[in-house]
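Taking it in order: structure first as C-alpha cells, then the write-up.
Number of protein chains: 2
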Amino acid sequence: MSKQGDGAKEGEGFMAGLAIDAVIFGFHDRQLKVLLLEYKSTGLFALPGGFIKDTEDVDDAAKKMVTRRTGLHDIFLEQFYTFGDYSRFDPEPMRAIMSAKGTMPPSDHWLLQRFITIGYYALVDFTQAIPTPDEISDSCKWYQLDALPVLMQDHALIIKKALETLQVSLDQKLTGFNLLPEQFTMGELQSVYETILGKTLIRAAFQRKMLSLDILELVAKKMTGKAHKAPYLYRFVKK
Amino acid sequence: MSKQGDGAKEGEGFMAGLAIDAVIFGFHDRQLKVLLLEYKSTGLFALPGGFIKDTEDVDDAAKKMVTRRTGLHDIFLEQFYTFGDYSRFDPEPMRAIMSAKGTMPPSDHWLLQRFITIGYYALVDFTQAIPTPDEISDSCKWYQLDALPVLMQDHALIIKKALETLQVSLDQKLTGFNLLPEQFTMGELQSVYETILGKTLIRAAFQRKMLSLDILELVAKKMTGKAHKAPYLYRFVKK
DNA sequence: TCTTTATTGTAACATTTTGTTACAATAGTA
DNA sequence: TACTATTGTAACAAAATGTTACAATAAAGA
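In C-alpha cells form, the structure reads like this:
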C-alpha cells in the first residue's frame, strides 16, 4: 500500500490495485538510515510510495517518485520484490489518514481497495538528499534502520526484504558505493559494508580485497585534523 | 501478458491489469527445458500464465497455475521479477487468439488491456510432470532452452531474466537439486550445473565441493549396464 | 578367465584466496 | 621531541579451489 501519488484523483489514469513502495537507504554517522513519511493522524509511519500511470513504465514511476521525495536524479534504484499477499489488505490506516484530512471517503474509494505493491530499493548519498513529504504526510525524515518507528501494514517486512536483497548484492554488484559521496576513505567504505552486513570485517583483508578489484582510484590525502596518519580519499571508477 | 485463467469471465473477481507468468524449468537429456503453450492461430508460443483472484495471495495463484500445467504439487517456485514496461502492451496476439476461438472481442475487452506481469520460475522433475494445455491453447510441451520457438510479447526476455536469476541462486540456495529426481548420480548433478551455468566444470573439484557441503546422502550403486565402474546414487538431504 | 575400455571416486600437489599478525608511516598532541 | 592513534601494507598461515594422476570396477571382447 502506498501514499497518494501526485495528482491522483479517484484513481483515473492509474493502474488499479497496483502501487510502488520504495525503501530509500542512506548512510550517515556509521548508520544505515531509511526515509519514512509520518502520518500524525494515525501515529503510523510509511514508506514513500506512488502509483503507476496507465501509459507509464513501472521503473519510471518509481524513479519519479523517489526523485520527488529526495530531490535527487540519477539514483541507484532496483526492483526487488512484489508483495501480493491478501493479508496485506488493510484499509484502516488509509481511511484514518483521509478522514483526518477532512474527506470521509466512501468504502469503495479506490485508495481503500486491495493493493499489490512493487518494492524498489534506492541507495542515495545522504548528504545530497532533501527529504520532502508528499501531499498527505506530515513529515519525511531519515530513521535509523535499527530503531524504526511503528510502520503501516507490512512495511517493516518490505524493509527487511530490501535489506536482505542489499546484503546479497553488496559484493556481487558493488552496490555499497552508491551510499557514499563521490570521494570516501577506505574506513568509510568498510563501515558501509559492516553496517549492511551486520558484522565486523577484518581491516587488512577488506582493504586488500577492495584494492585488488581495480575499481578504486586514489584521489588525495584527507587531513582529518586527528592525531594520526591521514587516510587516502578514493573514488569509485565506473567501468 | 498471459493466458486465460480457469473460469476467468470478463475479468470479474480478478485483479485488473495484473497477471502471473511462470518459467517452468525441467532437465532432461543433459538439456534445460522450458514448458510452453502453443497458439496455432498466431503461430506464437507463450509462457503458462494466469490471473489473481481478488482475495487470493499472489504466491497461491502462481502455485495453483503451475500445478494445473504440470500436475505437480510441492513445486520449487519463486517470484523473480515484475515486468512493467509500457512497451510490453500489445493486444494483437490475444485478439488473434480470441478471434480464432470464435469470439470477436470488443477493443475494451479486459484481456486486451495493458497487463503488468509478475514473473515466477519453477524447477520441476521432468520425469514427473504432465504438461497440460489451458483452455485456449493448442498444446503444452517442453522446449529446449537453446532452441526456443518465437514467443509472444516479451516472453523471451522473461525467460532470459529467469535463467539469470537461477544462475545466481544456484550455489547460494542449491536450487539445482530441484531439477533432478529424488536419486541421482554426481555426473547428473554436475550436468545440471553445467547446463544452467553454460560452462564446463572440473569434475574432481565439483565432486569434492558437493561432498564437502554435507547435503548429500549416499543411497546405492547404480548399475548402468555400461562397461565401467558404476556411479553412486545420492539423495539430497533436507536440513 | 584374462585383458581391454570407459568412467568413477579420490588422493596429491599447485595455485589462489582469505584470515591473521605485525610493523612502518604519519598527523596531530603533550 | 616523544607520544598516540590510525592507516597502508607486508608477511605468514589457513582455507578454498584448480589440476593431475591413479586405483577401482562394470561390462565387452579375446
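Same order as they appear, the protein sequences are chains P and D. Numbered according to the numbering used here, the first sequence spans residues 28 to 266. Numbered according to the numbering used here, the second sequence spans residues 28 to 266. Backbone N, C-alpha and C define an ideal beta-carbon position, used for all residues, glycine too. From a predicted model like this one, the values you see are computed outputs, not experimental measurements.
Within its chain, find whatever has a CB closer than 8 angstroms to the CB of residue i; leave out the 5 residues flanking it on each side and keep chain order.
i: D/Y147; result: I47, D48, A49, V50, A89, V93, L104, E105, Q106, F107
i: P/Y220; result: L197, G203, L228, F233
i: P/T69; result: P120, A123, I124, A127, M179
i: P/K60; result: F52, G53, F54, F153, W169, Y170, Q171, L172
i: D/T212; result: K249, P258, Y259, L260, Y261
i: D/K253; result: none
Report all residues from its chain with a CB closer than 6 angstroms to the CB of residue i; omit the five preceding and five following residues, and keep chain order.
i: P/A149; result: A49, I51, V93, I102, L104
i: P/D152; result: P208
i: P/L206; result: F54, L150, V219
i: P/Q58; result: Q171
i: P/L138; result: M121
i: P/T192; result: F107
i: P/S166; result: E65, P160
i: P/D33; result: The pLDDT assigned to P/D33 is 41, lower than 50, so where the model puts this residue is not dependable, and the model offers no usable value.
i: D/I157; result: G98
i: P/P118; result: L139
Between the options, which has its C-alpha nearest residue i's C-alpha?
i: P/R96; options: P/K128, P/F41, P/T159, P/G70; result: P/T159
i: D/L62; options: D/G76, D/S68, D/I124; result: D/G76
i: D/K187; options: D/D165, D/L238, D/M213, D/I223; result: D/I223
i: P/T109; options: P/D86, P/I143, P/P118, P/E83; result: P/I143
i: P/Q217; options: P/E65, P/E119, P/R230; result: P/R230
i: D/Y113; options: P/K80, P/H100, P/W137; result: P/K80
i: D/A257; options: D/G214, D/K67, D/G40; result: D/G214
i: D/E83; options: D/Y259, D/Q58, D/M42; result: D/M42
i: P/I163; options: P/G111, P/Y66, P/L238, P/K236; result: P/Y66
i: D/P176; options: D/G38, D/L193, D/G111, D/L64; result: D/L64
i: D/K265; options: D/Q194, D/K253, D/L243; result: D/L243
i: P/Q155; options: P/H255, P/L139, P/G98, P/C167; result: P/G98
i: D/D135; options: D/T192, D/G44, D/V195; result: D/G44
i: D/I145; options: D/L193, D/A189, D/S166, D/T130; result: D/A189
i: P/P132; options: P/K236, P/K253, P/M237, P/E37; result: P/E37
i: D/F78; options: D/D56, D/H100, D/E39; result: D/E39
Quick check on residue i: does DSSP put it in helix, strand or coil?
i: P/G77; result: strand
i: D/G13; result: Nothing about residue 13 of chain D can be reported from this structure: the residues present for chain D run from 28 to 266 only.
i: D/R57; result: coil
i: D/K90; result: helix
i: D/K187; result: helix
i: P/G40; result: coil
i: P/T202; result: helix
i: D/Q194; result: helix
i: P/D173; result: helix
i: D/F233; result: helix
i: P/E244; result: strand
i: P/Y224; result: Reading the sequence as shown, one finds Leu at residue 224 of chain P and not Tyr. If DSSP states are grouped into helix, strand and coil, P/L224 belongs with the helices.
i: D/I47; result: strand
i: D/L260; result: strand
i: D/T109; result: strand
i: D/E119; result: helix
i: P/S164; result: coil
i: P/Q210; result: strand
i: D/E83; result: coil
i: D/L216; result: helix
i: P/L104; result: strand
i: P/L64; result: strand
Buried or exposed: which applies to residue i, given that a residue is buried once 16 or more other Cβ atoms fall within 10 Å of its Cβ?
i: P/V246; result: exposed
i: D/T251; result: exposed
i: D/D173; result: exposed
i: D/D161; result: buried
i: P/K226; result: exposed
i: P/V85; result: buried
i: P/D201; result: Residue identity check: residue 201 of chain P is Leu in the sequence provided, not Asp. Answer is exposed; the Cβ neighbour count stays below 16.
i: P/G111; result: buried
i: D/I185; result: buried
Whose C-beta lies closer than 7 angstroms to the C-beta of residue i among residues of the same chain, with five residues either side of it excluded?
i: P/L116; result: For the sequence presented, residue 116 of chain P should be read as Phe rather than Leu. Here the set comprises R141.
i: P/D241; result: none
i: P/Q194; result: I223, L224
i: D/F263; result: F204, I242, L243
i: P/L100; result: The question names Leu, yet the displayed sequence has His at residue 100 of chain P. Same-chain partners within the cutoff: T94.
i: P/H255; result: none
Say yes only if the C-beta of residue i is nearer than 7 angstroms to one or more non-hydrogen atoms of the ligand PLP, and no if none qualify.
i: D/R230; result: Of the ligands one can find in the structure shown there are none, so the ligand PLP has no counterpart to examine.
Inset, instruction - Pair every Cβ in the stretch 169 to 183 of chain P with every Cβ in the stretch 66 to 73 of chain P, then say whether three or more of these pairs are closer than 8 angstroms. - result: With three or more CB-CB distances shorter than 8 angstroms, the stretch 169 to 183 of chain P counts as touching the stretch 66 to 73 of chain P.
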